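Asks:
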Amino acid sequence: MASKLLRRNLLFTIQKRAVKSSVTRNSIPWLRKSAPSSNWGYNGSELDPEDWPKEYQCGNCQSPIDIDLSKVTYSSELSPLEYSYPDNFKYMVNDGKNIRIHWRGETALSGGPLKGTYELVQLHFHWGSAEGKGAEHLVNGESVEGEAHLVHWNPKYGSIREALKHQDGIAVVGVFLKEADDGAESPLSSILNRFPTLSKFNEKYIFENDVFNVGNLIPKNSDFICYDGGLTTPPLTECVQWIVLLKPLVVTKREMDIFRSLEGSFGNNFTDNFRPCQPVGDRVVSSSFEPEK
Ligand SMILES: [Zn+2]
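End of the sequence shown sits at 293 in full-length UniProt numbering; the numbers just go up one at a time, nothing left out.
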């Protein structure tokens with residue numbers, strides 16, 4: 001028992017040190033240098049979500065938002081999403097705040113509100129410690145257990161750094177994760193089983209023969225909404241064309257519990273890692289369907 005406790009404390013110390021060392025270097029490699037500091041986090045960190053705007057510039061186009069289905073604007077110009085992703089990954093990494101997954105090979109996303117074709121940068125997740133919370137976007141004030149973010153960039157800007165300076169520089173597809181115990185494993189299962197091996201900051205799992213296609217996470221024929229917003233983590237840059245699918249990906253309780261178990265060994269950034277909703281203001285939230293009356 002004592003040695004178990006000791007090991008836990010040691011892990012916690014390592015984790016704390018690791019998170020500290022992420023402050024100046026590596027928290028989000030594709031955004032490195034653009035963040036003034038990265039002591040931000042969730043749940044009692046040095047800088048919790050309500051304090052992020054003190055350190056990071058926020059305009060009127062922040063994310064996430066609560067999607068009021070009676071106030072969306074139907075747009076006949078929104079075409080179905082088209083995407084193509086490879087079956088093989090490059091690696092998954094613990095970035096001190098999340099587990100991020102990177103690709104090898106060509107990717108393409110178009111349709112919806114997008115002009116041109118975007119390319120996938122990474123996939124990550126937001127989740128909650130209990131049923132009924134965890135997603136970043138809400139729908140009519142209601143949450144589900146998690147949300148996957150497929151982050152793409154617009155190659156017309158030449159670099160991701162340049163893309164971050166433009167409202168159409170990044171496109172994120174948000175897929176809700178809804179816990180339901182129907183017994184069938186979700187397409188996430190194969191990668192979730194690897195998560196517990198990534199308990200230390202910067203620890204990587206290099207994919208070998210694992211097969212996982214991110215396209216399988218996207219529910220087919222789902223209605224979706226779109227709006228101009230920003231990154232939901234610092235530096236909160238307003239550069240995102242958001243595409244949020246309303247049909248969730250159904251995941252089992254066992255799968256959601258893998259996310260939740262990361263809290264114990266990974267530290268307090270690894271649970272309830274969602275930002276509260278931000279004002280919609282006078283932004284138009286467009287929909288691929290007629291609004292509820
Ligand atoms: Zn996210």
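Think of the CB as a built atom: it goes at the ideal place given N, C-alpha and C, for glycine as much as any other residue.
If you're wondering where the values come from, they're calculated on a predicted model, not measured in any experiment.
Is His149 near ligand 1, going by C-beta to nearest heavy atom under 7 Å?
Replies: It does: the Cβ of His149 is within 7 Å (strictly closer) of some heavy atom of ligand 1.
Asks: To the nearest angstrom, report how far apart Thr232 and Arg275 are at their CA atoms.
Replies: Straight-line Cα distance between these residues: approximately 6 Å.
Asks: Residue ranges of each beta strand (DSSP E) run of no fewer than 3 residues wholly in the stretch 148 to 192, ordered along the chain?
Replies: Fully enclosed beta strand (DSSP E) runs of 3 or longer: 170 to 179.
Asks: Does Lys54 pass the burial test, meaning 16 or more other C-beta atoms within 10 Å, or should it be called exposed?
Replies: Lys54 comes out exposed.
Asks: Among the residues of its own chain, which have a CB less than 8 Å from the CB of Asn216, if the five just before and after it don't count?
Replies: If we look at Asn216 and ignore the five residues flanking it on each side, its Cβ neighbours are Pro187.
Asks: Can you tell me where the alpha helix (DSSP H) holding Trp40 begins and where it ends?
Replies: No alpha helix (DSSP H) holds Trp40; DSSP gives it neither H nor E.
Asks: Closer than 7 Å: is that where the CB of His126 sits relative to any heavy atom of ligand 1?
Replies: Yes; taking the cut-off as 7 Å, the Cβ of His126 has a heavy atom of ligand 1 nearer than that.
Asks: If you drop the 5 nearest sequence neighbours on each side, which residues of the same chain put their C-beta closer than 8 Å to that of Leu245?
Replies: Cβ neighbours of Leu245 beyond the five flanking positions: Val173, Gly174, Val175, Phe176, Ile218, Pro219, Ser222, Asp223 and Phe224.
Asks: Run the CB neighbour count on Arg100, radius 10 Å, all protein chains shown included, and call it buried at 16 or more, exposed below.
Replies: Counting Cβ neighbours within 10 Å, Arg100 comes out buried, since at least 16 surround it.
Asks: Alpha carbon to alpha carbon, how far is Gly281 from Cys239?
Replies: Distance between the alpha carbons of Gly281 and Cys239 is about 17 Å.
Asks: Under the assumption that Pro291 contacts Ser70 (Cβ atoms under 8 Å), give the Cβ distance between them as a whole number of angstroms.
Replies: Correct: roughly 6 Å between the Cβ atoms.
Asks: For a test of your reading of the model: does the CB of Thr271 fall under 7 Å from any non-hydrogen atom of ligand 1? Yes or no.
Replies: Result no, Cβ not under 7 Å from ligand 1.
Asks: So Leu150 packs on Leu114, CB below 8 Å; how close in whole Å?
Replies: Actually they do not touch by this definition, with Cβ atoms about 13 Å apart.
Asks: Any heavy atom of ligand 1 closer than 7 Å to the beta-carbon of Thr237?
Replies: For ligand 1, not one heavy atom lies less than 7 Å from the Cβ of Thr237.
Asks: Which residues does DSSP list as the beta-bridge partners of Met92?
Replies: Its beta-bridge partners are Ile101 and Tyr205.
Asks: Drop a sphere of 10 angstroms on the beta-carbon of Thr271, count the other beta-carbons inside from all chains shown, and report buried for 16 or more, exposed for fewer.
Replies: It counts as buried.
Asks: Between Thr197 and ligand 1, is there a pair consisting of the residue's CB and a ligand heavy atom that are separated by less than 7 Å?
Replies: Not under cutoff, so the answer is no.
Asks: Count the CB pairs spanning the stretch 251 to 258 and the stretch 57 to 75 that are closer than 8 Å, and state whether there are at least three.
Replies: The stretch 251 to 258 is not in contact with the stretch 57 to 75.
Asks: Drop a sphere of 10 angstroms on the beta-carbon of Ser190, count the other beta-carbons inside from all chains shown, and report buried for 16 or more, exposed for fewer.
Replies: By the 10 Å Cβ count, Ser190 comes out exposed.
Asks: Given the structure, does Thr73 come close to ligand 1, in the sense that its CB is under 7 Å from one of the ligand's heavy atoms?
Replies: Not so, every heavy atom of ligand 1 lies at least 7 Å from the Cβ.
Asks: Give me the residue from Tyr205, Val214, His126 and Val250 with the minimum Cα distance to Asp182.
Replies: Comparing Cα-Cα distances from Asp182 to each of Tyr205, Val214, His126 and Val250, the minimum goes to Val250.
Asks: What's the gap between the Cα of Val23 and the Cα of Asn39?
Replies: With a pLDDT of only 33 at Val23, under the threshold of 50, the placement of this residue in the model should not be trusted; the figure read from the coordinates follows. About 6 Å.
Asks: For Ile258, report the span of its alpha helix (DSSP H) as first-last.
Replies: Lys253 to Phe266 is the span of the alpha helix (DSSP H), which, as asked, contains Ile258.
Asks: Would you check if the stretch 134 to 153 and the stretch 102 to 119 touch, i.e. whether three or more CB-CB distances between them fall below 8 Å?
Replies: Counting Cβ pairs under 8 Å, three or more are found: they touch.
Asks: Have a look at Asp95 and Asn202 and give me their C-alpha separation to the nearest angstrom.
Replies: Answer to the nearest angstrom: the Cα atoms are 6 Å apart.
Asks: CB of Thr252 to nearest heavy atom of ligand 1: below 7 Å?
Replies: No, the beta carbon of Thr252 sits no closer than 7 Å to any heavy atom of ligand 1.
Asks: Please go through the same chain and pick out, in chain order, the residues whose beta-carbon is closer than 6 Å to the beta-carbon of Glu46, but skip the five residues on each side of it.
Replies: Within the same chain, Glu46 has close Cβ partners Asn39.
Asks: Per DSSP, what are the beta-bridge partners of His126 in this structure?
Replies: According to DSSP, His126 bridges with Glu147.
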